[in-house]
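Engineer: Below: one structure in structure tokens.
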Amino acid sequence: MSTATLLLDAESLPVEDLSLPALMWEINLQKRPNWLLRCLMHALEAKRQEKGMGWSRAWNKKGLNVFRAHVQTKENDADYLRLVDPLIARLLPLAPPQYQSFASELLADPAMMSFTFYHNHDLDGLQHEGLTLSFGRKIEADPSKRDRLDLILEDRRREGRVDGRLDRIRFYICPWSEYQNGKTHFALEKSELSGEDLVVSQELYESCVRFYHAWKIDQARQWSHWSARYIEYFGARSFIPVGSSFA
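The numbering used here numbers the first residue of the sequence shown as 5 and each following residue consecutively.
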């Protein structure tokens, strides 16, 4: 939805011209119509993206529909997270040395935060369902900023169906120290998986799916915030393929 044509009235300032604090104030009031709150959230997200604030990154938004999110902790979820390491160990050598060091440090950090986002992805004529294993930490000097590492596992939809077998891995390493200067980060995509890459990633994916079904009825596991109702890339699934792992 374009914010350019959405005004409070015919003579109001366009919402995209509001300052970030003003947008946050209006949204927090939660007394506007839903269509306007969505418009305000769109403008706020654009400003936060421009400043690199918060958790979201461009690859977590474009073509994406996040329909559920679960929270994990290093202390309590070792069984869930243990299969992440073998896949990252295969992918990390493909990154430049500074990103390898950063990723290893982040994943070992006791302050690391962990979420799993379950999504549909619909872009450039290809549809996938899958999940993002997302790891991050707050920047000490500015807690509104984050270091990030995302591991995205996806099953391609063909003729309306998915088969539970991975077709694509995407891997992002995003230190805030570099991202703040020109949105620099490391990105890797592997499609048509085979060999050990498929074995290791498939084992992780199937484990994540098992935990998804155990956690989907556990209210303590659900990540939710009222603002997600007004963010474009959160919400009910845009499609549910036959054979979905997340039915």
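Using N, Cα and C, we set each Cβ at its ideal position, and we do this for glycine too.
All values derive from a computational prediction rather than experimental measurement.
Would you check if the segment 174-181 and the segment 100-117 touch, i.e. whether three or more CB-CB distances between them fall below 8 Å?
Structural biologist: Yes: at least three Cβ pairs fall under 8 Å.
Engineer: Could you tell me the distance, in whole angstroms, from the CA atom of G247 to the CA atom of N80?
Structural biologist: Approximately 31 Å between the Cα atoms of the pair.
Engineer: Output the distance between the C-alpha atoms of V204 and R161, rounded to the nearest integer angstrom.
Structural biologist: One C-alpha to the other measures close to 21 Å.
Engineer: Please report the straight-line C-alpha distance between V70 and R169, rounded to a whole angstrom.
Structural biologist: Their Cα atoms are separated by approximately 20 Å.
Engineer: Give me, in chain order, the residues of the same chain whose beta-carbon lies closer than 7 Å to that of L110; leave out the 5 immediate sequence neighbours on both sides.
Structural biologist: So the qualifying residues of the chain are M116, F139, R141, D151 and L153.
Engineer: If we ignore side chains and look at the alpha-carbon of each, how far apart do G129 and K194 end up?
Structural biologist: Answer to the nearest angstrom: the Cα atoms are 18 Å apart.
Engineer: Taking the alpha-carbon positions, what's the L24 to S148 distance?
Structural biologist: About 13 Å.
Engineer: Measure how close the beta-carbons of Q131 and F243 come, nearest whole angstrom, since I'm counting them as under 8 Å.
Structural biologist: So it is a contact: roughly 7 Å between Cβ atoms.
Engineer: Tell whether a beta-carbon distance below 8 Å holds between H189 and E158.
Structural biologist: Not in contact: H189 and E158 (Cβ atoms no closer than 8 Å).
Engineer: Between L85 and the rest of its own chain, which residues show a CB-CB distance below 8 Å, the 5 nearest in sequence each way excluded?
Structural biologist: Correct list, in chain order: Q76, K78 and S118.
Engineer: Excluding the 5 residues flanking D201 on each side, which residues of the same chain have their C-beta closer than 7 Å to its C-beta?
Structural biologist: Answer for D201: R94 and K194, listed in chain order.
Engineer: Quick one: is I221 buried, meaning 16 or more other Cβ sit within 10 Å of its Cβ, or exposed?
Structural biologist: I221 comes out exposed.
Engineer: Rounded to a whole number of angstroms, what is the C-alpha to C-alpha distance between E144 and R165?
Structural biologist: Distance between the alpha carbons of E144 and R165 is about 45 Å.
Engineer: In this structure, how does DSSP classify G199 when only helix, strand and coil are distinguished?
Structural biologist: Correct three-state label for G199: helix.
Engineer: Going by DSSP, which residues form a beta bridge with A73?
Structural biologist: The partner list for A73 (beta bridge, DSSP) reads F121.
Engineer: Check whether the Cβ atoms of T120 and L96 sit closer than 8 Å, and answer yes or no.
Structural biologist: No, the Cβ-Cβ distance between T120 and L96 is not below 8 Å.
Engineer: Using a Cβ-Cβ cutoff of less than 8 Å, which residues in the same chain neighbour R241 once the five nearest sequence positions on both sides are dropped?
Structural biologist: Excluding sequence neighbours, R241 sits near N69, F71 and N124.
Engineer: Output needed for W63: all residues of its chain with C-beta closer than 8 Å, excluding positions within five of it in sequence on either side, in chain order.
Structural biologist: The answer, listed in chain order, is D154, I156, R174, Y176 and A191.
Engineer: Can the beta-carbon of K1 be found less than 8 Å from the beta-carbon of L127?
Structural biologist: Not covered by the structure: residue 1. The range shown for the chain is 5 to 251.
Engineer: May I ask which residues mark the beginning and end of the beta strand (DSSP E) holding R160?
Structural biologist: Run containing R160: D146 to R160, per the beta strand (DSSP E) assignment.
Engineer: Could you give the DSSP three-state label for L130: helix, strand or coil?
Structural biologist: Looking at L130 - three-state DSSP - the assignment turns out to be strand.
Engineer: Please report the residue range of the alpha helix (DSSP H) in which R61 lies.
Structural biologist: R61 -> no alpha helix (DSSP H), and no H or E assigned at all.
Engineer: For the alpha helix (DSSP H) containing R324, name the first residue and the last one.
Structural biologist: Nothing about residue 324 can be reported from this structure: the residues present for the chain run from 5 to 251 only.
Engineer: Is E163 helix, strand or coil by DSSP?
Structural biologist: Three-state result, E163: coil.
Engineer: What three-state label does DSSP hand S138 in the structure shown?
Structural biologist: Strand.
Engineer: For F238, write down the residues that DSSP places opposite it in a beta bridge.
Structural biologist: Answer is V70.
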